[in-house]
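Read top to bottom, the protein sequences are chains A and B.
Residues in the first sequence are numbered from 831 upward in steps of one, following the working numbering.
Residues in the second sequence are numbered from 290 upward in steps of one, following the working numbering.
Structure first, commentary second.
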Amino acid sequence: MHHEHRGELHGITVVMTGTSGRTYLGRWHEQTPHGLQMRDLGVHDPATSPHDLPTWLDRARRFGVPVEHRMLVVPADEVGECVRFSE
Amino acid sequence: MPYHPMMIQPMRDEVTRLGVKELTTVAEVDAVLGDHHGTALIFVNSVCGCAAGMARPALAKAMQHAVMPDASYTVFAGGDLDATARARSYFSEYQPSSPCFMLIKDGEMAQMIHRHQIEGRSADMVAAALVAAFEAHCQKVGSEK
């Protein structure tokens, strides 16, 4: 299905750096005033992850996105820089 | 819950008309992957146009290349749930995503082209990635079409 009305990143796997230091890797679904809704995502938390961020991202590039949440709305004040994962 | 068969039939047809064999049951998947030798491409088809809309035309382009896997198969995520899960279970180290391409050699994953490597790219770009994988891992010389 095409959902171009949801924005150019809709359906694209992105890496979003949260203001808390967590990193969110998953499909950009929709941005609303409440935050960024992402689908099929994994979250890297430097305080708890067994891997550092570069290793975690490298593993995702090789083995795929480690999905922890089917859907998550990242609060607007947590949303930071967002880039395509494939870049 | 699977999509309505009528809705996804054109997406199945877009792949099977290329000569790609569709695996719709666990038994069919096991028959292919249970004791696999040689090279095979497994395309995990899906509905989402954001990525699958490019993956299917890319497959069509890549299937015209001279170097090809020994065999090509497809399962439909969102359609044949059990068959798709079974195919993924053979490569459980890899996270499930759809659409994606799995190029296997003698039962091992030789290369996987994940969804994130498909979405946002043109069919030509995805086809080029497939062709590069074929040339890296396959020996069969197909008929140049």
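Every residue, glycine too, gets a C-beta built ideally from N, C-alpha and C.
Contact test: residue i Cβ vs the ligand SAM heavy atom, cutoff 8 Å
i      : result
A/M868 : Within the structure as shown, the ligand SAM is missing, as the structure has no ligands at all.
Coarse secondary structure for residue i, derived from DSSP in three states
i      : result
B/I393 : strand
A/E834 : For A/E834, the pLDDT reaches just 49, beneath the cut-off of 50, and the residue's location in the model is therefore unreliable, leaving the point undetermined.
B/M290 : coil
B/K434 : Caution is warranted here: a pLDDT of 47 is assigned to B/K434, below 50, making its placement in the model unreliable, and no coordinate value can be reported.
B/R301 : helix
B/E311 : strand
B/V364 : strand
A/T847 : strand
A/A877 : coil
A/Q861 : strand
B/V356 : strand
B/Q406 : helix
Residue i: first and last residue of the uninterrupted beta strand (DSSP E) it sits in
i      : result
A/V904 : H899 to P905
A/L871 : G865 to H874
B/V333 : T328 to N334
A/R852 : Note, A/R852: premise wrong, no beta strand (DSSP E); not H, not E.
A/H913 : One point to set straight first is that residue 913 of chain A is Val, not His, in the sequence displayed. Per DSSP, A/V913 belongs to the beta strand (DSSP E) from C912 to R914.
Cβ-Cβ separation, residue j to residue i (assumed contact under 8 Å), whole Å
i      : j      : result
B/I336 : B/M290 : Note on residue identity: the sequence assigns Val, not Ile, to residue 336 of chain B. So it is not a contact: roughly 12 Å between Cβ atoms.
A/R891 : A/D870 : With a Cβ gap of about 16 Å, A/R891 and A/D870 do not count as contacting.
A/M846 : A/Q867 : At roughly 11 Å, the Cβ-Cβ gap does not stay under 8 Å, so A/M846 and A/Q867 are not in contact.
B/V333 : B/A366 : 5 Å
B/A376 : B/L322 : 7 Å
B/S381 : B/L330 : With a Cβ gap of about 19 Å, B/S381 and B/L330 do not count as contacting.
B/Y436 : A/F893 : Examination of residue 436 of chain B is not possible in this model, given that chain B is present from 290 through 434 alone.
B/R410 : B/M352 : Rounded, the Cβ-Cβ distance is 18 Å, inconsistent with contact.
B/V315 : B/A372 : 6 Å
First through last residue of the alpha helix (DSSP H) which encompasses residue i
i      : result
B/M343 : A341 to A351
B/T373 : L370 to S378
A/L839 : Looking at the DSSP string, A/L839 is not in any alpha helix (DSSP H), and its letter there is neither H nor E.
B/E424 : A412 to H426
A/P884 : L883 to F893
- prompt: Name the residues in the stretch 362-386 of chain B whose C-beta lies less than 9 Å from a C-beta of chain A; which are they?
  reply: E382, Y383, Q384, P385 and S386
query = Counting Cβ pairs, one atom from each stretch, are 3 or more of them under 8 Å apart for the stretch 297-313 of chain B and the stretch 393-406 of chain B?
reply = Short answer: they don't touch.
Quiz item: When you check each C-beta in the stretch 394-425 of chain B against every C-beta of chain A, which residues fall closer than 8 Å?
Solution: M401, H403, R404, H405, Q406, E408, G409 and R410
Practice prompt. Taking a Cβ distance cut-off of 7 Å, strictly less, list which residues of the stretch 878-911 of chain A are near chain B, in chain order.
Written response: Here the close residues are F893, G894, V895, P896 and V897.
For the structure I just gave you, are there three or more beta carbon pairs, one from the stretch 844-858 of chain A and one from the stretch 902-910 of chain A, closer than 8 Å?
yes
> Is there contact here, the stretch 385-401 of chain B with the stretch 341-348 of chain B, by at least three beta-carbon pairs under 8 Å?
Replying inline: yes
- prompt: Is it a yes or a no for the stretch 420-427 of chain B touching the stretch 351-368 of chain B, going by three-plus beta-carbon pairs under 8 Å?
  reply: Output reads yes: the stretch 351-368 of chain B touches the stretch 420-427 of chain B.
Quiz item: Between the stretch 337-348 of chain B and chain A, which residues of the former have a C-beta closer than 8 Å to a C-beta of the latter?
Solution: C337, G338, C339, A340 and G342
Problem set entry | Near-chain B residues of the stretch 844-862 of chain A (beta-carbon distance less than 7 Å), N- to C-terminal order | none
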